[in-house]
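So the protein sequences, as listed, match chains A and B. Letter by letter, the first sequence follows residues 1 to 330 of our numbering. Letter by letter, the second sequence follows residues 1001 to 1339 of our numbering. By construction, the Cβ of each residue, glycine as well, lies at the ideal position given by its N, Cα and C atoms. What follows is a single structure, written as structure tokens, with notes after it.
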Amino acid sequence: MPARRRHAVQDDEEEDVQRQYPQSPDDVDGDGDERMEVVGQRDETSQLIKNLVRYALACEYSRTPIRRDGIREKVLGSNGRDFKKVFAGAQKQLQATFGMQMVELPTKDRNLLTADQKRKAAKSQSQKETVSNAYVLVSTLPEAYTKPAIKAPSKVQSADGEASYIALYTMIITIITLSGGELSDPRLRRHLGRLNAAENMPGMNPNDETSPSEKTELVLQRMIRHGYLVRVTESKTTGDEDATTWHVGPRGKVEVDKDAIATFVRAVYGGSNDELEKKLQMSLKIKERKPGVPETVDEAAEEAPDGDPGPSDRRRGRRRQTEAEDEDDE
Amino acid sequence: MDDNWEPPVPAGYSDANRAFIQAFMARGTLTFREAQKLLAAIQSAVSDDGSDDTDNTDPQSITMADFENFIRTAREAVEPLDFDIRNTRDQVRGGGERVWAFINAHSDPATQLGTSRTAEEVAYIKRLLDAMFEKHNTARLEVMAVDEGQALRESRPAGGGRASNVNGNNNDDGGQEEEGGGSAAATSRGLKHSEVLSLLSSLVAEGWLDKSRDGFYSLAPRSLMELWSWLVATYNDADTEWQQIKFCEACKEIVTYGQRCNEPNCTIRLHDICEEGFWRTRGEKKCPKCSTPWEGNHFVGERAVTSRSGFQRGRGRRARRSTAADAADAAEDVEDEEE
Ligand SMILES: [Zn+2]
Ligand SMILES: [Zn+2]
């Protein structure tokens, strides 16, 4: 709708708008004692907050993480020292208007790093660096609002594709999580085969008759790029075939959390019963309590000066973290 | 800005409003029928007491007034953040069904698409828009759409020495240089045909482009609403009578699919969906500007091509013919207008 018409509509809201959004000093009722410079400063901060909110939403649209560096570069510019204030303000705005929050992504699993990356990390890391400095937007609305009819797009065209995409990564993440956080490639393929998705998956755009489905490999790659999955390929020094395993990516961990997994499993089993709940409790908790099978090995290795796991480690060999790197290392 | 600053929200703003905005943003556009389903689900969630019977609100019970209420509140909430909600009727489909879109208030292709696309893709989209609104939008043939072959022909920047400046301004997209070894690093490599096809498919999927049964790509209502002012500023020249983008005499919206005056130099256009109401208010079917009888058989949009007798005679021949026509049009191909 062209701008001129927008005004017509706006006019009858004018009164409300003025009352709700004191944007210029004149509009501020009741705090007439505020000095102009304070007001000016606040306006500047408001602008930065607005820009950060817009930046966060734009990142979310493309499922790219919101990075601290990106915020500094694209939002703050020369106002870098205002990071804390602007970030806090943006969180408030996101919560108030959209019911969303920026949630920090978990740091990358150390056992998913290549030896090279570990060396780098060991050198640069000031002891315990536990922050990833990357965020995603998640909804903070009560669970009742997360059902598919609201959350998942429902219109034909892309929405169907998006819905099946969500269903697929939720399912794969559930399988990986219930398998203890790691799934071998053949086992993943077997699961996909059972779902008739070994070769092809529903395309992102089922309405486009030229490509109603997509190669499974392409969809998996997209899941990796979006941070839902991590594929680790380990080239064996001995000349065996490469061993590929699948893990939950940082976005996957945040968006498909334990509650989401439990909800998904209940849906698959057509409801909940005591036995299922017990199992669910067990598997989701066990994973929590289990002292991280490979993690401990690599965690220990991390302390070594060069970060090399050493010859006795069964995981010896070059690890490559496929694709997922392109977003993380720019 | 002190610590107890609270962002202002419209009066009575609730989680139902927030859920509506989240869902609207995820979808990009909403029709009333889609909104009925969405709002019914939201209303069920509001009254969700944890019991199992949740889907208890009938979508049919959601009225246009309910929907407009949510829209009004949402606009009020997002306007300070430079977002807006606009609506228009679909020129082509659904009998002119009204479509609402969640948009950026100040938008151009780069800001709208820049975050989710590579620099090469953004540059391609700009070339595609040029193809739609310049190359394939002439007084003789006002197509304002491109077929697949024409879309593929834009995959690389126009040849020769001009290639380098098309994309010189946005090379900040790391990690896209896998096709190294090109002669000049500054030269935009364009997109491979396979990349163009998958980009087009995702633009269709996200509701930015429409793809017609005859295989033409045109701007979907979402793009027309989002890019309205950018399109007009970019392709129209205030000093000339002829405009690349013309507006419906009845509803004043952009016409990319509709009818044109039989007089080739006249700028009067009408949507098919607006025609009936428009003529009903007038005595005779004559162009309101030049009084040429309005026959309704001169078209804007893909029918400018498909209504011609030659079109049905085989796609191969058509492709060759339009190649020749393009070559003529492209002779005065306009340079990239972004600074
Ligand atoms: Zn019209
Ligand atoms: Zn006329």
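Query, Result
"Pair within 8 Å by beta-carbon distance, Q1261 (chain B) and I1254 (chain B)", "As written in the sequence, residue 1261 (chain B) is Cys, which differs from the Gln given in the question. For C1261 (chain B) and I1254 (chain B), no; Cβs fall outside 8 Å."
"Counted within 10 angstroms of its Cβ, other Cβ atoms place C1290 (chain B) as buried (16 or more) or exposed", "exposed"
"Cβ-based neighbour list, K1211 (chain B), same chain, cut-off 8 Å, excluding 5 preceding and 5 following", "L1200, V1204, Y1217"
"Distance between W1208 (chain B) and E1284 (chain B) (C-alpha atoms, nearest Å)", "37 Å"
"Beta-carbon proximity check, Q1259 (chain B) vs F1299 (chain B), cutoff 8 Å", "yes"
"Through-space distance from L1191 (chain B) to E1120 (chain B), alpha-carbon basis", "7 Å"
"Beta-carbon spacing of E1206 (chain B), G1028 (chain B) below 8 Å", "yes"
"Cβ-based burial, A301 (chain A) [other Cβ within 10 Å; buried from 16]", "Confidence is the limiting factor: at A301 (chain A) the pLDDT is only 35, short of 50, which leaves the residue's position unreliable, though a coordinate-based value still follows. Buried."
"Those residues which DSSP pairs with Q101 (chain A) across a bridge", "A:V138"
"Start-to-end residues for the beta strand (DSSP E) that takes in F1133 (chain B)", "Counting along the chain, F1133 (chain B) falls outside any beta strand (DSSP E), and DSSP gives it neither H nor E."
"Proximity of T1031 (chain B) and L1224 (chain B) at Cβ, strictly below 8 Å", "no"
"Three-state secondary structure assigned by DSSP to M171 (chain A)", "helix"
"Interface residues of chain A facing V1078 (chain B) [CB-CB closer than 9 Å]", "T97, F98"
"Pair within 8 Å by beta-carbon distance, A90 (chain A) and L52 (chain A)", "yes"
"Beta-ladder partner(s) of F1299 (chain B), from DSSP", "B:Q1259"
"Cβ distance (whole Å) where G227 (chain A) is taken to contact P65 (chain A) below 8 Å", "7 Å"
"T45 (chain A): CB within 7 Å of a non-hydrogen atom of ligand 2", "no"
"Under 7 Å from the C-beta of D1015 (chain B): neighbouring residues of chain A", "G99, L141, P142, Y145"
"Cutoff 6 Å; reference R68 (chain A); Cβ partners in own chain excluding five residues on either side", "N133"
"As assigned by DSSP and simplified to three states, the class of H1193 (chain B)", "helix"
"Buried/exposed call for K1252 (chain B), threshold 16 Cβ in 10 Å", "exposed"
"Proximity test, N146 (chain A) beta-carbon vs ligand 2 heavy atom, cut-off 7 Å", "A small correction: the amino acid at residue 146 (chain A) is Thr; Asn does not occupy that position in the sequence shown. It does not: the Cβ of T146 (chain A) is nowhere closer than 7 Å to a heavy atom of ligand 2."
"Local conformation of E1006 (chain B) per DSSP, three classes", "coil"
"Neighbouring residues, chain A, relative to A1041 (chain B) (Cβ below 7 Å)", "K147, A149, I150"
"Residues of its chain near R4 (chain A), where Cβ-Cβ distance is below 6 Å and the 5 sequence neighbours each way are ignored", "Unreliable positioning characterises R4 (chain A) in this predicted model, as indicated by a pLDDT of 38, which lies under 50. The coordinate reading is nonetheless provided below. If we look at R4 (chain A) and ignore the five residues flanking it on each side, it has no Cβ neighbours."
"Check your reading: residues with Cβ closer than 7 Å to ligand 2 heavy atoms", "B:C1261, B:E1263, B:C1266, B:I1268, B:C1287, B:K1289, B:C1290, B:T1292"
"Close Cβ partners of L188 (chain A) (< 6 Å) along its chain, the five nearest in sequence each way excluded", "W246"
"V256 (chain A) at chain B interface by Cβ criterion, 8 Å", "no"
"Own chain, CB closer than 8 Å to A1139 (chain B), minus 5 neighbours either side, in chain order", "W1242, P1264, N1265"
"beta-carbon E1253 (chain B) near ligand 1 non-hydrogen atom, thresh 7 Å", "yes"
"Bridge partners - C1248 (chain B), DSSP secondary structure assignment", "B:R1269"
"Any chain A beta carbon closer than 8 Å to D1108 (chain B)", "no"
"Within the stretch 1196–1252 of chain B, ranges of the alpha helix (DSSP H) (whole runs, at least 4 residues)", "1221–1226, 1228–1235"
"Proximity to Q101 (chain A) [Cα-Cα], best of A:L137, A:V75, A:I71, A:V86", "A:L137"
"Buried or exposed by the 16-neighbour rule on C-beta atoms within 10 Å, applied to G70 (chain A)", "buried"
"Backbone secondary structure at T1292 (chain B) - three-state DSSP", "coil"
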